[in-house]
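Working notes, structure below.
2 protein chains.
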Amino acid sequence: MTRVLVIDDDPQLLRALRITLRAAGHDVDTAPDGRTALQQAAAVHPDVVVLDLGLPDLDGTEVLAGLRPWYTGPVLVLSARADSQDKVHALDAGADDYVTKPFDMGELLARLRAALRRGPSEAAEPVVTTDHFTVDLADRQVTVDGTPVRLTPTEWGLLEALVRHPGRLIAQRQLLQSVWGPAYEKETHYLRVYLAQLRRKLEPDPAHPRYLRTEPGMGYRFTP
Amino acid sequence: MTRVLVIDDDPQLLRALRITLRAAGHDVDTAPDGRTALQQAAAVHPDVVVLDLGLPDLDGTEVLAGLRPWYTGPVLVLSARADSQDKVHALDAGADDYVTKPFDMGELLARLRAALRRGPSEAAEPVVTTDHFTVDLADRQVTVDGTPVRLTPTEWGLLEALVRHPGRLIAQRQLLQSVWGPAYEKETHYLRVYLAQLRRKLEPDPAHPRYLRTEPGMGYRFTP
DNA sequence: CCGATCTCTGACGAGACCTTGACGACCGGA
DNA sequence: TCCGGTCGTCAAGGTCTCGTCAGAGATCGG
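Sequence lines, in order, name chains A and F. Using the numbering used here, read the first sequence as starting at 1 and increasing by one per residue. Using the numbering used here, read the second sequence as starting at 225 and increasing by one per residue.
Take a look at the structure:
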């Protein structure tokens, strides 16, 4: 959930933006003028700021100047003025983008997404760990007792399907469908063969599996 | 001195941009179409890319798709189309900004400044080291046992894609897309040929690779 | 126009992987 | 006890993938 601070003196536009941004999954704070905007920004530390240049009390560039010394997130400027000079001034004052009113809501959202994209970055794939082995989804690597183990594509697909939902029972049909495809829902024999291979590679005692368990008649379950 | 790669098929505009950007203190490379653009980008590693969407060979979004898997710098899109849909598509495909033609040169420069401001871009291009060879991403230089080795552009692209994520398995499709482009996802034979060349140049025993490993059916992995 | 370099393409052997079948163990119900 | 069903194990076949080599085609600079 990202936090957006919208600064604009037009209550109607403010309302439209609040609704649209909320629908897009953002947290929205608003400020009707420059003074409260600066206070708000300092108080909530938004992930991104949308700033209208035409404010009643302060010039928009003044707000930018007040923001920029400490605020490092992206600032997207709105303005009714399409003159290039204004754009250059705002951008050089620290704005990251400049949109002229009237604007298309979809475009504004896209520009927001673009601005936010370079922020937090690196959405991490989880690393699943047990006492005996670890599965690194991002690196596609499995290590048993610290030493890497090679898996075939099918083995990996099966393990991934199980490990992505620790503790959850996964039906045979579901496994077959996600690894082999919808046409293989009846080939339960595949599961037996490949589960055996996985257990031989991962389990401390493959004959008595501790992590890759069978639920007879139902499916399989990974228990960390 | 920042390095700008300008991609446009209009020689006149290309010339104007080159002059203006040079005057603003940038290093300028140019490419007239998508294919050479991707090669250029991989070869010179620009600090920022200016991309015209209307190219003779590839769709602009295809160039973006080919760029984005590995290129982290800002991409500023130029286009004659002012439709919001086009803007949204380009921005969501990875563009950082979208400017409609005709545009004011001062505004373009300001937007470039804004884009460059947030990415010091020289952000830690790492030097990857193994017991046998080192890869300097910034200098684009490879040394084996202390002596420099010559790589062809394709070899370098492949090595870079692998070395940028040490220990991570990289799927064949991913490699083909980032080195040759989205249209070459099926040409797995290329990988075999060029991996062999890389191993011949870098591995102590090319027949039994230690650093550039292949995971059958899945992809390749660089392990330091 | 020519030569050098790089990229692409085809053929082949070797190896890895997937599939398939046979067989025994286990369990609950008749 | 017998019996059907499910599960686990093992091994062998065919298929696909991988590595290697060599040569044609394209591109660039002189």
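We put the beta carbon where it would ideally sit given N, CA and C, even for glycine.
For residue 334 of chain F, the nearest beta carbon of chain A is closer than 8 angstroms to its own beta carbon.
Residue burial annotation: residue 432 of chain F is exposed, with fewer than 16 other C-beta atoms found within 10 angstroms of its C-beta.
In its chain, beyond the 5 residues on either side, 361 have a beta carbon closer than 8 angstroms to the beta carbon of residue 350 of chain F. In the structure shown, residue 439 of chain F falls within a strand segment according to DSSP collapsed to helix, strand and coil. Considering only beta carbons, the part of the region 307 to 322 of chain F lying closer than 7 angstroms to chain A consists of 308, 311, 312, 315, 316, 319, 320, 321, in chain order. Around the beta carbon of residue 307 of chain F, fewer than 16 other beta carbons lie within 10 angstroms, which makes this residue exposed. For residue 373 of chain F, same chain residues with a beta-carbon under 8 angstroms away, outside a window of 5 residues either side, are 357, 366, 367, 425, 426 in chain order.
In terms of beta-carbon proximity, residue 439 of chain F lines the interface with chain A, with at least one pair separated by less than 8 angstroms.
Inter-segment contact for the region 56 to 75 of chain A and the region 270 to 283 of chain F is absent: fewer than three beta-carbon pairs are separated by less than 8 angstroms. Fewer than three pairs of CB atoms, one per stretch, sit closer than 8 angstroms, so the region 100 to 112 of chain A makes no contact with the region 153 to 170 of chain A. Taking residue 26 of chain A as the centre and dropping the five residues before and after it, the same chain places the C-beta of 2, 4 closer than 6 angstroms to its C-beta, in chain order. In this structure, DSSP gives residue 199 of chain A a helical state, which the three-state scheme calls helix.
With contacts defined as CB atoms closer than 8 angstroms, residue 340 of chain F and residue 272 of chain F qualify as a contacting pair.
By the criterion of a C-beta distance shorter than 7 angstroms, residue 405 of chain F is surrounded in its chain by 262, 290, once the five residues flanking it on both sides are discounted. Residue 324 of chain F and residue 305 of chain F have their alpha carbons spaced roughly 6 angstroms apart. The beta carbon of residue 442 of chain F falls within 8 angstroms of a beta carbon belonging to chain A, placing the residue at that interface.
Per DSSP, residue 276 of chain F is one residue of the beta strand (DSSP E) stretching across 272 to 276. The beta carbon of residue 128 of chain A is closer than 6 angstroms to those of 135, 163 in its chain, skipping five residues each way along the sequence. Here the alpha carbon of residue 314 of chain F sits roughly 19 angstroms from the alpha carbon of residue 401 of chain F. DSSP places residue 89 of chain A in the uninterrupted alpha helix (DSSP H) bounded by 84 to 92.
Below the 7 angstroms Cβ cutoff, chain A contributes 91, 92 as neighbours of residue 337 of chain F, in chain order. Residue 59 of chain A and residue 338 of chain F do not touch by the CB rule: their CB atoms are close to 19 angstroms apart, not below 8 angstroms. The C-alpha of residue 355 of chain F is placed about 29 angstroms away from the C-alpha of residue 397 of chain F. Residue range 377 to 387 is occupied by the alpha helix (DSSP H) that includes residue 377 of chain F.
Straight-line measurement puts the Cα of residue 292 of chain F at about 35 angstroms from the Cα of residue 183 of chain A.
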